[in-house]
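Protein chains in written order, with the numbering used here: chain A, 79 to 285; chain B, 79 to 285.
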C-alpha cells in the first residue's frame, strides 16, 4: 500500500510497514478484529473480518447500527498477540504483536455472489473448508445479513518482535527479563448432542 | 452500570449486561483492548487497558495522536475469545466471546501518584507482581508517558457461551456441530542474555 498521512504513526515508525504481503498475512491470520465508526460518538465492536483480494469484508446483522449507517468511514484493526515482553524496567515492558489498521469507506455489498463469497471466507476463516461442510444460507438468512466492504488502499501493519529493549544502566539489575511467547490454542472439541461426524480442523492448533 | 442509549445494542440484547461484576471481570482478564477515537476519521488502535475502581486507564506515548487530542470522546473495547461455534448452517456459526464496550470522555492524568498506580497495574496485568520486580520509571520516562483515564459509567458487557443454535430442520444434516474451546497459553519463557533470575508467573497458563 502507499503510505497516507492517516496511516503513518509517529510512534515507533520503524515498526510500521505498508508492505502488501505483510498486511495480507496478518489480516488472514487474525480471527477477531475490531471495527470503529462514529455512532453518536466513537464506537468499537468486535467482528470477524476476512480479506478477499484488496478488500476486507465484515458481516453484520441488517438491523445493526453499523449496517444502517453504511456507507460510512470506518477503521478495522486486527491484532495478533505473540508474546509478553518483560524488561528490567517498567518503561520497556511491551507486548510482541502484529497488527493491521485499515481505514476507509465501508459500503454495503449488494451483489449476492459477492455476499456468498464473503460469507464462505468468514466460515472458512474459523474452520478451513467448513463452508463446504455446513449448510449455505437460505434467502431469509441472507436477507438478515449485511456485508460491509472496505478497500485496503489505506492500510498499514505494525510489528513488534524479539527481546526487550534494555537501558545499558539496567542490565545488572537482578530482575528476570525476556519474552514469554503467547498463542491461541484449541481445546478438546465439544460435539453437540447426537453429532457423530468427525470434528473438523480449525484455524488453531491443539497444544 | 445504568444502561444508556449508547450502550444498549439491538442485536442479541439478551446477551448484553450492565452488571458491574461482569464488566469488571472481563476488563480485568483481557490484556489487549482496542481504543477508538476520531483522528481525521475513525481510528482504532490496540492498547493495554487496566481498570482501577470505576475507571479504565490506557497508557500512550506523549507524542501519540491520542495523547495530543485528549480530552476527547473514546470507546475502549476489550474482547476475550473463548471458542469457535460451528453449527450445521453457515448462519448459526459464531464465536463464544466475552466483550466489554466502554464509551466516555478520556482525560489525561496529571497526578503523578495516579500515573504510577495506573502504570503499576499495567505491568502487573501482564505478569502479576511484576511492578515490584522491575525498575519503576525515572522522571524522564514518566515525562514520555501519557495516561488516559476513562470512567466506566457508560459501559456494557456482551457474552456468548454454549453450543451452537440450530434450526430444527438442520438437526439431521450429516455435519459436525459443536464448540471448539479456545484460549491463550504461554510458551516456554525466553530469558535475555545473562538473565539468571527465575522466570516470573504471567497472566497466562502454560498448556
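Glycine residues also receive a C-beta, built at the ideal position from the N, C-alpha and C atoms. Model, not experiment: these values are computed from the prediction.
Burial state of residue i (16 or more Cβ within 10 Å)
i: residue 256(B); result: buried
i: residue 249(B); result: exposed
i: residue 80(A); result: exposed
i: residue 239(B); result: exposed
i: residue 273(A); result: buried
i: residue 190(A); result: exposed
i: residue 91(B); result: exposed
i: residue 234(A); result: buried
i: residue 283(B); result: exposed
i: residue 212(A); result: buried
i: residue 177(B); result: buried
i: residue 167(A); result: buried
i: residue 243(B); result: exposed
i: residue 67(B); result: Outside the shown range of chain B (79 to 285) lies residue 67(B), about which nothing can therefore be said.
i: residue 278(B); result: buried
i: residue 124(A); result: buried
i: residue 252(A); result: exposed
i: residue 130(A); result: exposed
i: residue 290(B); result: In this structure chain B extends from 79 to 285, so residue 290(B) is not present and cannot be described.
i: residue 85(A); result: buried
i: residue 114(B); result: buried
i: residue 188(A); result: exposed
i: residue 210(B); result: exposed
i: residue 264(A); result: buried
i: residue 148(B); result: buried
i: residue 184(A); result: buried
Extent of the continuous beta strand (DSSP E) run through residue i
i: residue 151(B); result: 150-164
Residue i - partner residues in DSSP beta bridges
i: residue 185(A); result: 227(A)
i: residue 128(B); result: 135(B)
i: residue 115(B); result: 121(B)
i: residue 105(B); result: None, per the DSSP bridge assignment.
i: residue 213(B); result: 167(A)
i: residue 177(A); result: 157(A) and 236(A)
i: residue 259(A); result: 161(A)
i: residue 94(A); result: 236(A)
i: residue 241(B); result: None, per the DSSP bridge assignment.
i: residue 269(A); result: 256(B)
i: residue 172(B); result: 163(B)
Assigned secondary structure, residue i (DSSP; H/G/I helix, E/B strand, else coil)
i: residue 204(B); result: helix
i: residue 251(A); result: coil
i: residue 264(B); result: strand
i: residue 83(B); result: helix
i: residue 196(A); result: helix
i: residue 219(A); result: helix
i: residue 190(B); result: helix
i: residue 277(A); result: coil
Cβ distance (whole Å) where residue i is taken to contact residue j below 8 Å
i: residue 140(A); j: residue 224(A); result: 5 Å
i: residue 111(B); j: residue 99(B); result: In fact, because the Cβ distance is near 19 Å, the residues do not count as touching under 8 Å.
i: residue 226(A); j: residue 144(A); result: 7 Å
i: residue 237(A); j: residue 164(A); result: At roughly 19 Å, the Cβ-Cβ gap does not stay under 8 Å, so residue 237(A) and residue 164(A) are not in contact.
i: residue 228(A); j: residue 133(A); result: 7 Å
i: residue 77(B); j: residue 155(A); result: The structure shown has nothing for residue 77(B), since chain B only spans 79 to 285.
i: residue 181(A); j: residue 182(B); result: That pair is no contact at about 23 Å.
i: residue 175(B); j: residue 204(A); result: Not a contact, Cβ separation roughly 12 Å.
i: residue 232(B); j: residue 95(B); result: Not a contact, Cβ separation roughly 14 Å.
i: residue 254(B); j: residue 241(A); result: Actually they do not touch by this definition, with Cβ atoms about 42 Å apart.
i: residue 173(A); j: residue 159(A); result: 6 Å
i: residue 196(A); j: residue 137(A); result: 7 Å
i: residue 281(A); j: residue 206(A); result: 7 Å
Terminal residues of the alpha helix (DSSP H) in which residue i lies
i: residue 235(B); result: Where residue 235(B) is concerned, there is no enclosing alpha helix (DSSP H), although the beta strand (DSSP E) it sits in stretches over 233-238.
i: residue 143(B); result: 143-147
Check: residue i C-beta below 7 Å from any heavy atom of the ligand ATP
i: residue 99(B); result: The model on display carries no ligand, and the ligand ATP is accordingly not part of it.
Within-8 Å CB hit, residue i to chain C
i: residue 176(A); result: Included in the structure are the protein chains A and B, with no chain C among them.
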